[in-house]
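Asker:
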Amino acid sequence: QRSPLNDFQVLRGTELQHLLHAVIPGPWQEDVADAEECARLCGPLLDCRAFHYNMSSNGCQLLPWTQHSPHMQLQRSGCCDLFQKKDYVRSCLMDNGVGYRGTVATTAGGLPCQAWRHRFPNDHKYTPTLRNGLEENFCRNPDGDPGGPWCYTTNPEVRFQSCGIKSCQEAACIWCNGEDYRGAVDHTESGRECQRWDLQHPHPHPFEPGKFPDQGLDDNYCRNPDGSERPWCYTIDPQLEREFCDLPHCGSEAQPSREATTFSCFRGKGEGYRGTANTTTTGVPCQRWDAQSPHQHRFAPEKYACKDLRENFCRNPDGSEAPWCFTSRPGMRVAFCYQIQRCTDDVRPEDCYYGSGEQYRGSVSKTRKGVQCQRWSAETPHKPQYTPSSVPQAQLKENFCRNPDGDSHGPWCYTIDPGTPFDYCALRRCNDDQPLSILDPPDQVQFEKCGKRVDRLDQRRSRLR
Amino acid sequence: VVGGHPGNSPWTVSLRNRQGQHFCGGSLVKEQWVLSARQCFSSCHEPLTGYEVWLGTLFQNPQPGEPGLQQIPVAKMVCGPSGSQLVLLKLKRSVILNQRVALICLPPGRYVVPPGTKCEIAGWGETKGTSDDVVLNVALLKVISNQKCNVKHRGRVREHEMCTEGLLVPMGACEGDYGGPLACFTHDCWVLEGIIIPNRVCARPGWPAIFTRVSVFVDWIHKVIQL
Numbered sequence: 387q388r389s390p391l392n393d394f395q396v397l398r399g400t401e402l403q404h405l406l407h408a409v410i411p412g413p414w415q416e417d418v419a420d421a422e423e424c425a426r427l428c429g430p431l432l433d434c435r436a437f438h439y440n441m442s443s444n445g446c447q448l449l450p451w452t453q454h455s456p457h458m459q460l461q462r463s464g465c466c467d468l469f470q471k472k473d474y475v476r477s478c479l480m481d482n483g484v485g486y487r488g489t490v491a492t493t494a495g496g497l498p499c500q501a502w503r504h505r506f507p508n509d510h511k512y513t514p515t516l517r518n519g520l521e522e523n524f525c526r527n528p529d530g531d532p533g534g535p536w537c538y539t540t541n542p543e544v545r546f547q548s549c550g551i552k553s554c555q556e557a558a559c560i561w562c563n564g565e566d567y568r569g570a571v572d573h574t575e576s577g578r579e580c581q582r583w584d585l586q587h588p589h590p591h592p593f594e595p596g597k598f599p600d601q602g603l604d605d606n607y608c609r610n611p612d613g614s615e616r617p618w619c620y621t622i623d624p625q626l627e628r629e630f631c632d633l634p635h636c637g638s639e640a641q642p643s644r645e646a647t648t649f650s651c652f653r654g655k656g657e658g659y660r661g662t663a664n665t666t667t668t669g670v671p672c673q674r675w676d677a678q679s680p681h682q683h684r685f686a687p688e689k690y691a692c693k694d695l696r697e698n699f700c701r702n703p704d705g706s707e708a709p710w711c712f713t714s715r716p717g718m719r720v721a722f723c724y725q726i727q728r729c730t731d732d733v734r735p736e737d738c739y740y741g742s743g744e745q746y747r748g749s750v751s752k753t754r755k756g757v758q759c760q761r762w763s764a765e766t767p768h769k770p771q772y773t774p775s776s777v778p779q780a781q782l783k784e785n786f787c788r789n790p791d792g793d794s795h796g797p798w799c800y801t802i803d804p805g806t807p808f809d810y811c812a813l814r815r816c817n818d819d820q821p822l823s824i825l826d827p828p829d830q831v832q833f834e835k836c837g838k839r840v841d842r843l844d845q846r847r848s849r850l851r
Numbered sequence: 104v105v106g107g108h109p110g111n112s113p114w115t116v117s118l119r120n121r122q123g124q125h126f127c128g129g130s131l132v133k134e135q136w137v138l139s140a141r142q143c144f145s146s147c148h149e150p151l152t153g154y155e156v157w158l159g160t161l162f163q164n165p166q167p168g169e170p171g172l173q174q175i176p177v178a179k180m181v182c183g184p185s186g187s188q189l190v191l192l193k194l195k196r197s198v199i200l201n202q203r204v205a206l207i208c209l210p211p212g213r214y215v216v217p218p219g220t221k222c223e224i225a226g227w228g229e230t231k232g233t234s235d236d237v238v239l240n241v242a243l244l245k246v247i248s249n250q251k252c253n254v255k256h257r258g259r260v261r262e263h264e265m266c267t268e269g270l271l272v273p274m275g276a277c278e279g280d281y282g283g284p285l286a287c288f289t290h291d292c293w294v295l296e297g298i299i300i301p302n303r304v305c306a307r308p309g310w311p312a313i314f315t316r317v318s319v320f321v322d323w324i325h326k327v328i329q330l
């Protein structure tokens, strides 16, 4: 069940470009089944270190280089993904580093390494071959030294020295539950190899990397996308779906929390909420986190020290949409605590307006989220429907907040954020403003027609629904 | 929906998170636009990669390949005016309208639903055992005036909110229904008058339920869709 892609690290939408134009990369092999077949072709070849995979043409191009080879550079690509052998691009060691093919060339003591093809100043018995990878003066471990890759040094006084390259295990530690772990360990605590996150075999799963861009689900590295107690992965063992990875903790003190700690409201997903709300939105009391009834669960407080799973307070230990809890009602396992207000992410209003602000002539020029307004006379990033010349009475000056269309929610502006055409401004109604209430207006809006009337025939059907 | 019964609401959509789980409801107001509740999303600028709306099915967990099921990724989100508790979701592509998927009309701006009007909520949320919770449930509720509602809610109901009568039997929207529609049948047409928002309690006997009044924000909706 082991995929040949497990030996590769992918860079999506990326190509390797040789800067010496005289060097011609290898031919494209068309109509291969998939990237796994390319990996099957490249894997056993000693002179293949990477390959381009073209998703649309199902073609692959084997490469004798990686991004660390001389005169190479990575560049954005619309057609290809770049798969590189992990041994050549990983900066840490698996096992004792016999497979290490990185480019560190200095010993732990800071001495430059002697090139393996040289016999001076330190003579030795090794002959560089494609198989032993004794290239240039890079650190290697041709004799399986338990201390990991080493090299002969250029100092005649010091024949050889270890290079002190860290194992992947110790190269990156985990804070809290390791949601931020982005290290390169790809084996579980029992030594099983991890299944790639972009593969659905041997174990199908919902964690498609494209759907979780912020979870770093690269290749087959240990990760924690679901708020488990520590990083884990699906294994290539069909008998064992998933297993934790054995990674060192960074320290006992809590990690600088990703989310600001709040008490009376929650920001974002509420992972930083540390208030004392302890009922669900619907008023059902929460179950204590240290209890296993009426609902059994894995969120033991001692395993989630950073998540403050105290008493029965609403919390968000697993990156859900909002703070939640197990409920004390047997028939209702979990529920959100939406009754906790969201912390407003609006900036403080800097001025006020009357009515709906059509007469506002102040100079506030940013939205309620603090985004700068676009000038009314500008055409980018948003082509305006309202311009100083098209509605002169609105006095659309500079990039000041105005209300040229009588928007009932107040002055607004086009924004300089390409993703946000318009937004309301950092303004509020003036305290002494008494807007007409819609509830008792002199002329109650009458409902003449529906916005989308279906034709008579459909109507009967829609009435039947 | 507590105290409801299985029913059909072709404009009610299910919002799905990245694990494919239902977490809120929504209403289809345009082929490419869904109106939902702000509380359903962690921020106005959250990356929505992997979030989808599912339509055209009555099942909370439809099997892949179910006829009529449409699963459409969410392209972007626009938060409503402050205090509206609304968001508009733009879909990556237009839905296909058919018997199972229909638009719901928007009311005229500032329209106030007359007290006594019968309206309907729909959702795949918590039923508290009162109905079959694997399918869409609907419940009929009667609108009451804000004035009457504020007697029970001690003046907290604002004019951009509206209420339905609190019945003696538990009946109303609940966890997982937020963002869904309160639709009223007016002049031969179903009209989206309210959006289900998290209440302090849900389906609490004798307590009126509070919804966001859509007619106050219709100008914002048209403006976002137009811009």
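Protein sequence lines correspond, in order, to chains P and W. Take 387 as the starting number for the first sequence in this note's numbering and just add one per residue. Take 104 as the starting number for the second sequence in this note's numbering and just add one per residue. Where a beta carbon is used, it is the ideal one built from N, C-alpha and C, also for glycine.
Can you have a look at His-438/P and say buried or exposed, based on whether 16 or more other CB atoms are within 10 angstroms of its CB?
Answerer: Counting Cβ neighbours within 10 Å, His-438/P comes out buried, since at least 16 surround it.
Asker: Could you compute how far the alpha carbon of Leu-239/W sits from the alpha carbon of Thr-666/P?
Answerer: Cα-Cα distance, rounded: 22 Å.
Asker: Going by DSSP, what residues sit across from Pro-498/P in a beta bridge?
Answerer: According to DSSP, Pro-498/P bridges with Thr-492/P.
Asker: Let me confirm a value: Cys-619/P is counted as buried when at least 16 other C-beta atoms fall within 10 Å, else exposed. Which label applies?
Answerer: Buried.
Asker: Can we say the region 118–138 of chain W touches the region 269–285 of chain W, given the rule of at least three CB pairs closer than 8 Å?
Answerer: Flag = yes, the region 118–138 of chain W and the region 269–285 of chain W touch.
Asker: Across the region 767–778 of chain P and the region 684–703 of chain P, are there enough close Cβ pairs to call them in contact, namely three or more that are closer than 8 Å?
Answerer: Contact fails: fewer than three Cβ-Cβ distances are below 8 Å.
Asker: Within the continuous beta strand (DSSP E) that includes Arg-426/P, where are the two ends?
Answerer: Taken as a continuous stretch (DSSP letters only), Arg-426/P belongs to no beta strand (DSSP E), being part of the alpha helix (DSSP H) at 421–428.
Asker: Among residues of its own chain, excluding the 5 on either side of Tyr-740/P, which ones have a beta-carbon nearer than 6 Å to its beta-carbon?
Answerer: Once the five neighbours on either side are set aside, the close Cβ partners of Tyr-740/P are Cys-816 and Asp-819.
Asker: According to the Cβ coordinates, are Ser-548/P and Gly-533/P closer than 8 Å?
Answerer: Yes, the Cβ-Cβ distance between Ser-548/P and Gly-533/P is below 8 Å.
Asker: Can you tell me whether DSSP reads Ala-557/P as helix, strand or coil?
Answerer: Helix at Ala-557/P.
Asker: Gly-596/P by DSSP, collapsed to three states: which one?
Answerer: Helix.
Asker: Across which residues does DSSP place Arg-815/P in a beta bridge pair?
Answerer: Answer is Tyr-739/P, bridged to Arg-815/P.
Asker: At what residues does the beta strand (DSSP E) containing Asn-240/W begin and finish?
Answerer: 240–247 is the extent of the beta strand (DSSP E) around Asn-240/W.
Asker: For Tyr-538/P, name the three-state secondary structure that DSSP assigns.
Answerer: Strand at Tyr-538/P.
Asker: Just the Cα atoms here: how many angstroms apart are Asn-523/P and Thr-452/P?
Answerer: Cα to Cα, Asn-523/P sits roughly 17 Å from Thr-452/P.
Asker: Rounded to whole angstroms, how far is the Cβ of Glu-223/W from the Cβ of Leu-200/W, which I believe are closer than 8 Å?
Answerer: Actually they are not in contact, since the Cβ atoms of Glu-223/W and Leu-200/W sit about 20 Å apart, beyond 8 Å.
Asker: Check whether the Cβ of Ser-848/P lies closer than 8 Å to any Cβ atom in chain W.
Answerer: In this predicted model, Ser-848/P has a pLDDT of only 46, less than 50, meaning its place in the structure is not dependable enough to derive any value.
Asker: What's the C-alpha gap between Asp-322/W and Val-241/W?
Answerer: Their Cα atoms are separated by approximately 28 Å.
Asker: Identify whether Arg-261/W lies in helix, strand or coil by the three-state DSSP scheme.
Answerer: Arg-261/W: coil per DSSP, three-state reduction.
Asker: Near Tyr-474/P, what residues of its chain come up, given a Cβ to Cβ distance below 8 Å and the 5 sequence neighbours on each side ignored?
Answerer: Taken in chain order, the residues that qualify are Arg-435, Ala-436, Thr-452, His-454, Arg-487 and Gly-488.
Asker: Name the residue from Ser-185/W, Arg-141/W, Glu-169/W and His-263/W whose alpha carbon lies nearest to the alpha carbon of Leu-822/P.
Answerer: With distances taken between Cα atoms, Leu-822/P lies closest to His-263/W.
Asker: Apart from the five residues on each side of it in sequence, which residues of its chain come closer than 8 Å, Cβ to Cβ, to Trp-536/P?
Answerer: Cβ neighbours of Trp-536/P beyond the five flanking positions: Thr-493, Cys-525, Arg-526, Asn-527, Phe-546, Gln-547, Ser-548 and Cys-549.
Asker: With a threshold of 8 Å between beta-carbons, can Leu-330/W be considered close to chain P, or not?
Answerer: By this cut-off, Leu-330/W is an interface position.
Asker: Is any beta-carbon of chain W found at less than 8 Å from that of Leu-813/P?
Answerer: For Leu-813/P, the answer is no, since every Cβ of chain W falls outside 8 Å of its Cβ.
Asker: Of the choices Gly-412/P, Gly-530/P and Gly-637/P, whose alpha-carbon is the least far from that of Cys-559/P?
Answerer: Answer by Cα proximity: Gly-637/P.
Asker: On the DSSP letters alone, give me the boundaries of the beta strand (DSSP E) that Trp-293/W sits inside.
Answerer: From DSSP, the beta strand (DSSP E) with Trp-293/W extends over 292–299.
Asker: Please name the residue, chosen from Arg-476/P, Val-484/P and Gln-447/P, that lies closest to Cys-466/P on a Cα-to-Cα basis.
Answerer: It is Gln-447/P whose Cα lies nearest to the Cα of Cys-466/P.
Asker: With distance defined between alpha-carbon atoms, name the residue in Leu-782/P, Arg-734/P and Thr-766/P nearest to Arg-747/P.
Answerer: When each option's Cα is compared against that of Arg-747/P, the closest is Leu-782/P.
Asker: In its own chain, which residues sit with a C-beta less than 8 Å from the C-beta of Val-237/W, not counting the 5 before and 5 after it?
Answerer: Taken in chain order, the residues that qualify are Phe-162, Gln-163 and Asn-164.
Asker: In chain order, what residues of the same chain lie with their CB nearer than 7 Å to the CB of Leu-271/W, ignoring the 5 residues before and after it?
Answerer: Hits under 7 Å: Pro-308 and Gly-309.
Asker: Looking at chain P, which residues of the region 141–156 of chain W have a Cβ within less than 9 Å of any of its Cβ atoms?
Answerer: Per Cβ criterion, the list reads Arg-141, Gln-142, Cys-143, Phe-144, Ser-145, Ser-146, Cys-147, His-148, Glu-149, Pro-150, Thr-152, Gly-153 and Tyr-154.
Asker: Taking Cβ-Cβ distances shorter than 9 Å, what residues in chain P pair up with Lys-251/W?
Answerer: Those within 9 Å of Lys-251/W in chain P number zero; the least Cβ separation is about 12 Å.
Asker: Can you name the residues of chain P whose CB is closer than 7 Å to the CB of Glu-262/W?
Answerer: Under the 7 Å cutoff, chain P gives Ser-823, Ile-824 and Leu-825.
Asker: Starting from the Cα of Gln-395/P, find the closest Cα among Asp-566/P, Arg-582/P and Thr-574/P and give me that residue.
Answerer: Selected option, being the one with the closest Cα: Arg-582/P.
Asker: Taking contact to mean 3 or more Cβ pairs, one atom from each stretch, closer than 8 Å, check whether the region 147–159 of chain W and the region 168–178 of chain W are in contact.
Answerer: Judged by Cβ distances under 8 Å, the region 147–159 of chain W makes contact with the region 168–178 of chain W, as three or more pairs qualify.
Asker: Among Val-304/W, Ala-306/W and Ile-298/W, whose alpha-carbon lies nearest the alpha-carbon of Val-132/W?
Answerer: It is Ile-298/W.
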